[in-house]
Amino acid sequence: MKRFDVDENGFYGRFGGAYVPDKLRPCIEELQTAYLKIMETDGFRKDYDRLLRHYVGRPSPLYLAERLSDKYGCRIYLKRKDLNHTGAHKINNAIGQALIAQSMGKRRIIAETGAGQHGVATATVCALMGMECVVYMGRVDVERQYANVKKMEMLGAEVVAVESGGATLKDAVDAAVGAWCSDPSESYYLLGSAVGPHPYPDMVARLQSVISEEIEKQLQELEGRDYPDYLIACIGGGSNASGTVYHYLDRKETSIVLAEAGGMGLESGRSAATITLGSEGVLHGSRTLVMQDDKGVAIEPYSISAGLDYPGVGPLFAHMAEQCRSVTYPVTDDEALRAAIELTRLEGIVPALESSHALAVLGRLPFEKDDVAVLTLSGRGDKDMDTYIRYQG
Ligand SMILES: *Cc1c(COP(=O)(O)O)cnc(C)c1O
Numbered sequence: 025m026k027r028f029d030v031d032e033n034g035f036y037g038r039f040g041g042a043y044v045p046d047k048l049r050p051c052i053e054e055l056q057t058a059y060l061k062i063m064e065t066d067g068f069r070k071d072y073d074r075l076l077r078h079y080v081g082r083p084s085p086l087y088l089a090e091r092l093s094d095k096y097g098c099r100i101y102l103k104r105k106d107l108n109h110t111g112a113h114k115i116n117n118a119i120g121q122a123l124i125a126q127s128m129g130k131r132r133i134i135a136e137t138g139a140g141q142h143g144v145a146t147a148t149v150c151a152l153m154g155m156e157c158v159v160y161m162g163r164v165d166v167e168r169q170y171a172n173v174k175k176m177e178m179l180g181a182e183v184v185a186v187e188s189g190g191a192t193l194k195d196a197v198d199a200a201v202g203a204w205c206s207d208p209s210e211s212y213y214l215l216g217s218a219v220g221p222h223p224y225p226d227m228v229a230r231l232q233s234v235i236s237e238e239i240e241k242q243l244q245e246l247e248g249r250d251y252p253d254y255l256i257a258c259i260g261g262g263s264n265a266s267g268t269v270y271h272y273l274d275r276k277e278t279s280i281v282l283a284e285a286g287g288m289g290l291e292s293g294r295s296a297a298t299i300t301l302g303s304e305g306v307l308h309g310s311r312t313l314v315m316q317d318d319k320g321v322a323i324e325p326y327s328i329s330a331g332l333d334y335p336g337v338g339p340l341f342a343h344m345a346e347q348c349r350s351v352t353y354p355v356t357d358d359e360a361l362r363a364a365i366e367l368t369r370l371e372g373i374v375p376a377l378e379s380s381h382a383l384a385v386l387g388r389l390p391f392e393k394d395d396v397a398v399l400t401l402s403g404r405g406d407k408d409m410d411t412y413i414r415y416q417g
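Numbered according to my numbering, the sequence shown spans residues 25 to 417.
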C-alpha cells in the first residue's frame, strides 16, 4: 500500500476512521461496502464521464496565465474550475455521489449546507436526475443566504431551516444525519467535502481526482512533462485540494502547497487555519486536526470566505501535514481580497474568495524562472461580488 492510500478501516496513518454512533453504523457500513464496487463498474464510469464532459464542461482548461507569470517569475497555469457548471468543483462530487445513490436504490438525497454552495450543487444534480432533495441549513444561514435558498427551491429542493444550537452549519449537519438515520433504506446522505467518517473522504477524493488526471494530460501536452514543480490549492474541508493532488501524492518532484483561511490573523482568535492551529481530535466522525478548546469542543471558525469556514480538515490532509508532504500557509482575509483584485486586473478573471487564498500564496514561494506551477482556481467570484464591492469602497 502506498503512503497516502486509505486503509480498509478508513485510516490515513492515524487519521480518519469512522467514529459514528451505533444507530448510524449500518448506513455507513452499507456505503463502505458499496462505494468502490459501484465506482468500478462500467455503467458508473460511463455515466460519470458523460455527465462531466457534456453537463459540467470537462476537461476544464489549463490556462497559462502570462501576465501573472511575469509578475511572479515562473510559469503559472490556472486550472479553470471556475468554468464548471454552477461555478466550482462541488458539482463533480454531487454528480458522482448521486449516481452512487441511484445504484444503491436510494431515491431521496439529504444534504447539509452552510452558505449554500453545496446545497445548490446537490439540488442541481437532483433536478438533473429527478431525485427528491432535502437540504438542511441553519436558520441563521437561511437568513444570510436568502438567494441561495430561493435557488435551491427553484431547483425543486426542500430547504429545512434548523433552529437548534447556534442554527448554523454544525447544527445543519446534526439534523441531516438525524434525518438519514430515521430513513436509511430510502435516503442517501450526500456529504459536500473530503471530511466525515470513512468512506466519505476517500470517495470524495476519488470523485474529484478527475482534476489531477486532467492536469497530468494537459501538462504533458503543454510542457512535455506530466508534473508541475508546484501544485497550489486552497483548502477548507479538502475536496478541491484532494482532487488537485490525488495523482501526485507519491511524486516527490512536485511540491504541494495549501492555502487555508487565516481570517483576521492567527493570533486574533478569528480564523479557520486548522492545519496550522488545530490539534488532534474527532470531528464529524473522523480523527483529524480540529480547532478546539481545552475541553475538546470545536470552536466557531471564521473566514471571509464561506467555503473555508470549517473547524476541521479532511483526514488525508492531517496525515500529509504530519508526513511533511505538504506546506500550508494561512492567508488572511485582506491578503485574499488583494489577490482577487490582482488576478482580476492581470487576467480578466474574477476568482472565488476561496480560490483567492491560493493566489495570495504566490508571492511567498521561492520560484525559479523555469518552474512550472499549477494553481487550481476552485471557483468563480460571482457569488462574492457583494464582498468585493464593499472592499473596493
Ligand atoms: C466549497 C468551496 C471550497 C472549499 O471546500 P473544499 O472542500 O476544501 O474544496 C473552495 N472553493 C470553492 C469555490 C468552494 O465553493
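Cβ atoms here follow ideal geometry from the backbone N, Cα and C, with glycine treated the same way.
- Under DSSP, Val398 forms a beta bridge with Tyr101, Leu255.
- Relative to ligand 1, Asn117 has its C-beta separated by 6 Å or more from all heavy atoms.
- The closest CA to that of Ser350, considering only Ile299, Asp358, Gln232, is found on Ile299.
- Straight through space, the alpha carbons of Arg27 and Asp274 are spaced by roughly 8 Å.
- The beta-carbon separation of Val80 and Ile115, rounded to 5 Å, stays under the 8 Å limit for a contact.
- Distances from the CB of Ala296 to the heavy atoms of ligand 1 are all 6 Å or more.
- With the rule of 3 Cβ pairs closer than 8 Å, the stretch 304 to 319 counts as touching the stretch 34 to 44.
- Closest in C-alpha terms to Val269, from the list Arg82, Glu240, Tyr59, comes Glu240.
- At the C-beta level, Met315 and Ile328 stay beyond 7 Å of one another.
- For Ile235, the enclosing alpha helix (DSSP H) covers residues 234 to 247.
- The C-alpha of Glu359 is placed about 33 Å away from the C-alpha of Ile119.
- In the three-state scheme derived from DSSP, where H, G and I count as helix and E and B as strand, Arg311 is classed as strand.
- Residue ranges of uninterrupted beta strand (DSSP E) with 3 or more members, entirely inside the stretch 278 to 327 and ordered along the chain, are 279 to 287, 303 to 307, 310 to 314.
- Per DSSP, reduced to three states, the secondary structure at Ser84 is coil, with no helix or strand assignment.
- Rounded to whole angstroms, Asp357 and Ser209 show a C-alpha spacing of 43 Å.
- Tyr170 sits exposed, since fewer than 16 C-beta atoms from the chains shown fall within 10 Å of its C-beta.
- Three or more Cβ pairs closer than 8 Å define a contact, and the stretch 180 to 199 meets that threshold against the stretch 146 to 159.
- Placement of the Cβ of Gly262 at a distance of less than 6 Å from at least one heavy atom of ligand 1 is found.
- Shown here, Arg404 sits in a strand according to DSSP, grouped into three states.
- Beta-carbon to beta-carbon, Leu107 and Pro85 are separated by about 7 Å, close enough to satisfy the 8 Å threshold.
- In the three-state DSSP reduction, Tyr212 falls in the strand class (E or B).
- Rounded to whole angstroms, the gap between the alpha carbons of Ile365 and Met288 is 19 Å.
- Beta-bridge partners assigned by DSSP to Pro45: none are found.
- Ala376 has its CB nearer than 6 Å to a heavy atom of ligand 1.
- Ser350 has Ile280 as its beta-bridge partners, per DSSP.
- Look at the beta carbons and you see the stretch 390 to 402 touching the stretch 243 to 258: at least three pairs across the two are nearer than 8 Å.
- Beta-bridge analysis with DSSP links Gly162 to Val186.
- Following the DSSP letters along the chain, one finds Ile373 in no alpha helix (DSSP H), marked with neither H nor E.
- Here the alpha carbon of Pro325 sits roughly 11 Å from the alpha carbon of Leu301.
- For the 7 Å CB-CB criterion, Trp204 and Ile134 form a contact.
- When beta bridges are read from the DSSP output, Thr148 appears opposite no residue.
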